[in-house]
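Shown next, in structure tokens, is the structure this report addresses.
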Amino acid sequence: MKIHEYQAKELLGKFGIAVPLGNVAATSRDAVNAARRILEDTGICSFAVKAQVHSGGRGKSGGIKIAGSIDEVRKYADEIIGMRLITEQTGRDGKIVNKVLVEQDLYYGDNKSAEEFYLSILTDRNKGCNLFMYSPEGGTDIEEIASKSPEMIHYEEIDPVKGLEASQTDNIAFNMGLTGRAYKEMISFLNSIYNAYINSDALLIEINPLIKISGGKLYAADAKINLDDNALFRHPEYLEMKDPAEEVAAEAEASKYNLSYIKLDGNIGCMVNGAGLAMATMDLIKLSGGSPANFLDVGGSASPRSVESGFRIILEDKDVKFVMVNIFGGIVRCDRIAHGITRAYKLMPDNDIPVIVRLKGTNASEGKEILDASGINILSVSTLQEASEIISSSF
């Protein structure tokens, strides 16, 4: 589960990590009030106004502005709230900005030359460890740095049993080029970040930039946190951070029926049972010249209702020109799949999208009989090779 920057900073603050003083605002009036509180508390009259959407690259797309006065805070909040922010990560449709974070400008006054670093921690599934990834160079161009100067990106593997060791925090601080107070600050910062990562059941914590202001104090100037959905039962309070406006409508609808659905940019809808088979089916579509419009795993115990819902979600995607159903019946019977498909198809009488169906396993023959008698535009196949040939001839 992704959360907004302001929520990430609130969470980090609970673990003793220094973050800029700020407040979230849904209107320009709230933004002005937030700026006035910062001015009263710090005396700082320079503010960052930051669009709150689940995307990086906001600054390059006009989603982050530095305001030198309360009036500018009002002006920028009016410009950003309600805008459709398009970044490299949002796709061509962009995202509507509903809130902004107004916070103190950490680069104000003596801190104009503040140093920027990059720091993140995530799980390395291949090596079975937690991994600090960091760089003495941070900021908006970190992707370019990683591409052009990979030697500037460092890694520290953390044994999840042993935890973060002193020698490792020393190594990171040294590679960051820190000395004196900043060195000690980094040691403390790393321990706090690791503590936050473990105890919040996060999949990713990314601080970019992590900045060092005058005097060696470290701040998380920006923060991104992804939480593990499977661990939310341990953190029911985190569910309040979920923002339905940030979810793709079809994905939110699919979650109601416990369907694993992800919207993609292609034109061939996919319905499969089992994540591995789903990935293989998507590969088949790509190799055959098509492009998958979604990932949809109906699961091993799908009911006709959940199948019907999943198929309806596929058909409602205006980009879908073809549907590929690839089911290996085990616990989920092929006749259940067939009933769900026919119900969904008949609820959309104007639909004439062709459907390739491959049913194998439990009750496959019964499922085929149901589909054959349905009157649906079905292209029944027995092998993946047949499916590939149909896709290749169609695109």
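Sequential numbering of the sequence shown, starting at 1, is according to our numbering. Virtual Cβ for every residue (Gly too), placed ideally from N, Cα, C.
**Study point:** Runs of beta strand (DSSP E) lying entirely within the segment 171-253, each at least 3 residues, in chain order
**Key:** Secondary structure remark: continuous beta strand (DSSP E) runs of at least 3 residues inside the segment 171-253, in chain order: 202-212, 218-220, 224-227.
Point to revise | Start and end residues, alpha helix (DSSP H) containing Arg58 | key: Segment: none, Arg58 is in no alpha helix (DSSP H) and carries neither H nor E.
**Study point:** Assumed close pair Glu116, Gly139 - CB separation to whole angstroms, cut-off 8 angstroms
**Key:** About 5 angstroms; that satisfies the 8 angstroms criterion.
Check your understanding: Whose C-beta lies closer than 7 angstroms to the C-beta of Ile44 among residues of the same chain, with five residues either side of it excluded?
Key -> Contacts found: Ile38, Gln104, Asp105, Tyr108.
Point to revise | First and last residue of the uninterrupted alpha helix (DSSP H) at Tyr261 | key: Unbroken run through Tyr261 is the beta strand (DSSP E), 260-263; no alpha helix (DSSP H).
Review point. For the putative contact between Phe328 and Lys360, defined by C-beta atoms under 8 angstroms, what is the C-beta separation to the nearest angstrom?
Key: Rounded to whole angstroms, the Cβ separation of Phe328 and Lys360 is 5 angstroms, and the two are in contact under 8 angstroms.
Review point. Where Ile356 and Asp372 are concerned, what is the direct C-alpha to C-alpha distance, given to the nearest angstrom?
Key: Those two C-alpha atoms are separated by around 12 angstroms.
Review point. How about Ser61 and Leu85: do their beta carbons lie closer than 8 angstroms?
Key: Yes, they are a contact pair.
Practice item. Between the Cα of Leu315 and those of Pro292, Cys334, Gly299, Asn351, spot the shortest distance and give me the residue it belongs to. Key: Considering only alpha carbons, the answer is Asn351.
Practice item. Following the continuous alpha helix (DSSP H) through Asn33, name the residue where it begins and the one where it ends. Key: Asn33: member of the alpha helix (DSSP H) spanning 28-42, first to last residue.
Check your understanding: If you draw a straight line from the alpha carbon of Ala411 to that of Ser46, how long is it in whole angstroms?
Key -> Past the edges of the chain, shown from 1 to 395, lies residue 411, and the structure says nothing about it.
Point to revise | C-alpha distance - Gln385 paired with Met324, whole-angstrom precision | key: About 13 angstroms.
Practice item. Kindly list the residues whose CB is nearer than 6 angstroms to the CB of Ser260, restricted to its own chain and excluding five residues on each side of it in sequence; keep chain order. Key: The answer, listed in chain order, is Asp297.
**Study point:** Beta-carbon gap between Ile64 and Ala48 smaller than 8 angstroms
**Key:** Cβ distance < 8 angstroms, so Ile64 and Ala48 count as in contact.
Practice item. Taking 8 angstroms as the threshold, find out whether the segment 212-230 comes into contact with the segment 7-14 through three or more Cβ pairs. Key: The segment 212-230 makes contact with the segment 7-14: 3 or more CB pairs, one atom from each, lie closer than 8 angstroms.
Practice item. Determine, using beta carbons only, whether Arg74 and Ala31 come nearer to each other than 8 angstroms. Key: Closer than 8 angstroms, so yes.
Review point. Looking only at DSSP bridge pairs, what is Ile268 linked to?
Key: In the DSSP output, where bridge partners are listed per residue, Ile268 has Pro292, Phe322.
Check your understanding: Given Gln52, which residues of its chain have a CB within under 8 angstroms of its CB, disregarding the five upstream and five downstream residues?
Key -> Excluding sequence neighbours, Gln52 sits near His4, Glu5, Tyr6, Val24, Val97, Asn98, Lys99, Val100, Leu101.
Check your understanding: Based on Cα-Cα distance, which residue from Leu379, Glu251, Ile70, Ser393 lies nearest to Arg309?
Key -> This sequence places Ser at residue 309; Arg is not what is there. With distances taken between Cα atoms, Ser309 lies closest to Glu251.
Practice item. Decide if the segment 285-294 is in contact with the segment 329-346; the criterion is three or more beta carbon pairs, one per stretch, under 8 angstroms apart. Key: When C-beta atoms of the segment 285-294 are compared with those of the segment 329-346, fewer than three pairs fall below 8 angstroms, so the two segments do not count as touching.
Practice item. Would you mind reading off the limits of the alpha helix (DSSP H) that contains Lys75? Key: Start and end: 70-80.
Point to revise | For Met279, the three-state DSSP class (helix, strand or coil) | key: Reduced to three states, the DSSP call for Met279 is helix.
Review point. Between which two residues does the beta strand (DSSP E) harbouring Lys9 extend?
Key: First-last for Lys9: 5-13, but that is the alpha helix (DSSP H), not the beta strand (DSSP E).
Exercise for review: Return the CA-CA distance between Ala196 and Asp159, expressed in angstroms with no decimal places.
Suggested key: For Ala196 and Asp159, the distance between alpha carbons rounds to 16 angstroms.
Exercise for review: Have a look at Asp41 and Arg29 and give me their C-alpha separation to the nearest angstrom.
Suggested key: A straight line joining the alpha-carbon of Asp41 with that of Arg29 spans about 19 angstroms.
Review point. Of all the options Ser167, Glu246, Pro354, which has the alpha carbon lying nearest to the alpha carbon of Glu269?
Key: Just to set this straight, residue 269 is Gly in the shown sequence, not Glu. Residue Pro354 is the option with its Cα nearest to Gly269.
Practice item. Could you tell me whether any Cβ in chain B is nearer than 8 angstroms to the Cβ of Met324? Key: Judged by its chain identifiers, the structure shown contains no chain B, having just a single protein chain.
Review point. How about Glu157 and Leu131: are their beta carbons less than 8 angstroms apart?
Key: Yes; because the gap between Cβ atoms is below 8 angstroms, this pair is in contact.
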